[in-house]
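Here's the structure, in structure tokens; my notes come after.
4 protein chains.
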Amino acid sequence: MDKRRAARIDQVLNAAADCFVEFGFHGAGMAKIAKRASMSVGHIYHYFENKEAIIAAIVDRESELAAERFAEFEEVPRDELVHVMTERVDEMVDSKADAFQSVLNLEILAESQRNPQIACIMRQHDEEVRELFRSMLKDKLNLPDAEARTELLLSLFGGLASRIIRHPELDRHTLIPLIKQVMHLALEPCDKDDKRKSE
Amino acid sequence: MDKRRAARIDQVLNAAADCFVEFGFHGAGMAKIAKRASMSVGHIYHYFENKEAIIAAIVDRESELAAERFAEFEEVPRDELVHVMTERVDEMVDSKADAFQSVLNLEILAESQRNPQIACIMRQHDEEVRELFRSMLKDKLNLPDAEARTELLLSLFGGLASRIIRHPELDRHTLIPLIKQVMHLALEPCDKDDKRKSE
Amino acid sequence: MDKRRAARIDQVLNAAADCFVEFGFHGAGMAKIAKRASMSVGHIYHYFENKEAIIAAIVDRESELAAERFAEFEEVPRDELVHVMTERVDEMVDSKADAFQSVLNLEILAESQRNPQIACIMRQHDEEVRELFRSMLKDKLNLPDAEARTELLLSLFGGLASRIIRHPELDRHTLIPLIKQVMHLALEPCDKDDKRKSE
Amino acid sequence: MDKRRAARIDQVLNAAADCFVEFGFHGAGMAKIAKRASMSVGHIYHYFENKEAIIAAIVDRESELAAERFAEFEEVPRDELVHVMTERVDEMVDSKADAFQSVLNLEILAESQRNPQIACIMRQHDEEVRELFRSMLKDKLNLPDAEARTELLLSLFGGLASRIIRHPELDRHTLIPLIKQVMHLALEPCDKDDKRKSE
DNA sequence: AATGAATGAGACTTCATTCAT
DNA sequence: GATGAATGAAGTCTCATTCAT
């Protein structure tokens, strides 16, 4: 019976995610969510106290999913890590091109600026991701400034998503090598050249 | 007479921007906008046909402002360009930390995914910005793949904004040098090393 | 088996009375009643066809209880009756100060004005009470106008309840002697003085 | 223009009072109130922030009205006061028989037990009424225990209303003289007889 | 007997928009 | 140009009630 409950909750969450992407957190009405979940409006309130609670659950689920996507790097042995990560850039760009994920992320970011509860959930997950990257960079690759490098990489990945929204036709073929260079820069010890240049 | 009209419109636009940041495009009601603009609800409809028209105007104004911020690089002589741009990183990070601008941008990005009119406005401005960068990189710095380099830079800048939302306490001191390195990478001819690595 | 059923019904009735006092007949939801009765919502409908039926049962039970409270006077011998009744004023005032009973009574009175079924139940019980008083006054105390005297007493008692709601801090010490005087007036043959005054 | 506003507010208040009497505070929906006020649902919210605010306004208006009804006694010269008051009993009983007023009062009393704001409004008006009576009894009639006598009278009047609900057919002809006796008792100095009896 | 999932109507409230003044 | 009264649809949420288990 608990399984049925979980399935029902997922039904709502999936429908809600759809609607949120299509109309935004505040543009999507409970009626639309209910219809897409093939469920009565009232019954949704047996599983979620609030519309906000649905949003929070979506944020939680989506953030967790995003964190899991990074988690697979943890099992990669250290001498393959750089190679594996750079090789994954192509599919990462593809994933960023997924409008569904991107819009949901934007919505979450925007909402987190007005809803402290959302901000809290989002930041907890971000901390996990950061810690995961940081420990990889520091422990596996022996890199200094692991935090800053992490921020650089996450900036780049996050920025990619908004770039694709602003310019969907961008030429990935020529961009991807550049991204890989930045990743090498972030994943390898600074050589003297770089240091000189940055001063 | 026309000046008064323009001032009135700005009054509305400023109030609207405030409200949109605080409540989101769909969370902000015309009543709140009117009150913050010290204007009657009905009168706003003398200047804007729609709430959507207000949103569109905001998007237009905001995008133009963003483009102008980049435009100042056009007047920098070519041998100072790299230096000037990298030196500006600090204030750029500061500007990304401005919640007002960031939230407005997120809202615009999200809205552009559901409102084709908004998407159109936003993309036109993005094209301007891209063209500006592209011509700088190509004509002033003689760089190949100017489009891709532009995308890389814009990705980085855009990603910074979302990073600061997700992790407001991030240590800018150690991140900024890294960003500068990436900028050098994007603004200078690829050396053989980099090429080898990226393969 | 029937005993269990009665206990279950009482469980519901007690919970319902609680909720009705706290939220009113229309403000109390079946869900709250069910929770306070430690019973499922659906199961309540095995014992009561309706929410209205619960209300009716409450009205019945409460009215019966009120009638029983008066019934004890029946066993008092006639020459002690006046004395016993006046001596009970203190505890009567206390009982009227019981918010639970008072609110329930108000709710019942108000509901009886819109729900004929409730009105019917209530009036049947009132008739019992009236008859009880009337026969006491007439048969035991040989008083004329027993009906009117009954109404006077019941008015006074009923009015006390609303007074305590409107003015909870009222000074009972000085009020109670006055009430006793009125009771004497109602429970003793009119003397000539009174008759003269009332003309 | 302010006159129009007041008229509109009265329109709502009258419609609301009607509905509250017919369905109770919580049984009456905004839709019904709006329809009876010949006004759109939404527009009511231009005049009242809340349904609660409407209830509060009704309570205020009704209580004020009730207080005004007593206020006319203030202008009666002292040697006619007792006579005038007892002569008014007939119409008072009639007014208590007005279902509209009675139900509204019950609703108010019941609501005041759960809504502190309502309780506050109601008690302020009750204080006015009490003070009016008290000063009459003390200053005009030189009576001791003016507060207690006031409470006795108000109890009697209030109780009359609930009696008429419980027993609409009660014989007023024989009751009214009794009431007048009680009023005399409350409005005249205690004689020794009464004192003896009440001990 | 007992549960709680499920429904759809209706609760209060807010919204974008129009219109008379 | 400017106001704010006015509307009705749609918003979120709760309700009494039923039904499969």
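Protein chains in written order, with the numbering used here: chain A, 805 to 1003; chain B, 805 to 1003; chain C, 805 to 1003; chain D, 805 to 1003.
No residue lacks a Cβ here, since even glycine has one placed at the ideal position from N, Cα and C.
Small disclaimer: the values here were computed from a predicted structure and weren't measured.
{"Asked": "9 Å Cβ cut-off: residues of chain B touching A:Glu951", "Found": "Leu974, Asp975, Thr978, Leu979"}
{"Asked": "Distance between D:Val886 and D:His988 (C-alpha atoms, nearest Å)", "Found": "7 Å"}
{"Asked": "Contact with chain D by C:His847, beta-carbon distance below 8 Å", "Found": "no"}
{"Asked": "Span of the alpha helix (DSSP H), counted from its first residue to its last, around A:Gln917", "Found": "Element bounds for A:Gln917: n/a, residue is neither H nor E."}
{"Asked": "C:Gly846 to B:Val897 span [Cα, whole Å]", "Found": "60 Å"}
{"Asked": "Closer than 8 Å at the beta carbon, the chain A residues around B:Gly828", "Found": "Gly828, Phe829, His830, Ala914, Glu915, Arg918"}
{"Asked": "6 Å Cβ shell around C:Asp864 - same chain, five flanking residues per side excluded", "Found": "Ile925"}
{"Asked": "Cross-chain neighbours of A:Gly962 in chain B, by beta carbon under 7 Å", "Found": "Gly963, Ser966, Arg967"}
{"Asked": "C:Ala860 vs C:Ile922 beta-carbon contact at 8 Å", "Found": "yes"}
{"Asked": "Alpha-carbon spacing of A:Ala810 relative to C:Ala871, whole angstroms", "Found": "53 Å"}
{"Asked": "Exposure of A:Leu947, with buried meaning 16 or more beta-carbon neighbours within 10 Å", "Found": "buried"}
{"Asked": "Inter-residue spacing [alpha-carbon to alpha-carbon] between B:Glu856 and A:Arg840", "Found": "26 Å"}
{"Asked": "DSSP three-state assignment for C:Phe852, whether helix, strand or coil", "Found": "coil"}
{"Asked": "Rounded Cβ spacing between A:Leu960 and B:Arg953 (contact assumed at less than 8 Å)", "Found": "With 8 Å as the limit, A:Leu960 and B:Arg953 do not qualify as a contact, their Cβ atoms being about 14 Å apart."}
{"Asked": "For A:Cys994, the three-state DSSP class (helix, strand or coil)", "Found": "coil"}
{"Asked": "Same chain, Cβ closer than 7 Å to A:Pro993, five either side skipped, listed in chain order", "Found": "Leu947"}
{"Asked": "D:Ala903: contacting residues in chain C (beta-carbon distance under 7 Å)", "Found": "Gln917"}
{"Asked": "Cβ pair A:Arg967, B:Leu979 closer than 8 Å", "Found": "no"}
{"Asked": "Beta carbon proximity, A:His971 to chain B, threshold 8 Å", "Found": "yes"}
{"Asked": "Residue-chain proximity (A:Val986, chain B), Cβ-Cβ < 8 Å", "Found": "yes"}
{"Asked": "is_contact[A:Asp930, chain B] using C-beta, thresh 8 Å", "Found": "yes"}
{"Asked": "Contact set between D:Val907 and chain C, taken where Cβ atoms lie within less than 7 Å", "Found": "Ala914, Gln917"}
{"Asked": "Min CB distance A:Glu911 to chain B below 8 Å", "Found": "yes"}
{"Asked": "Segment contact flag, the region 830-837 of chain C with the region 889-906 of chain C, C-beta cutoff 8 Å, min 3 pairs", "Found": "no"}
{"Asked": "Endpoints, alpha helix (DSSP H) assigned at D:Gly963", "Found": "950-970"}
{"Asked": "Three CB pairs or more closer than 8 Å across the region 906-921 of chain A and the region 907-921 of chain B", "Found": "yes"}
{"Asked": "Where A:Ser842 meets chain B, residues with beta-carbon distance less than 7 Å", "Found": "The contacting residues do not exist; A:Ser842 stays about 23 Å from chain B at best."}
{"Asked": "Own chain partners of B:Arg808 with C-beta closer than 8 Å, once the 5 adjacent residues on each side are dropped", "Found": "none"}
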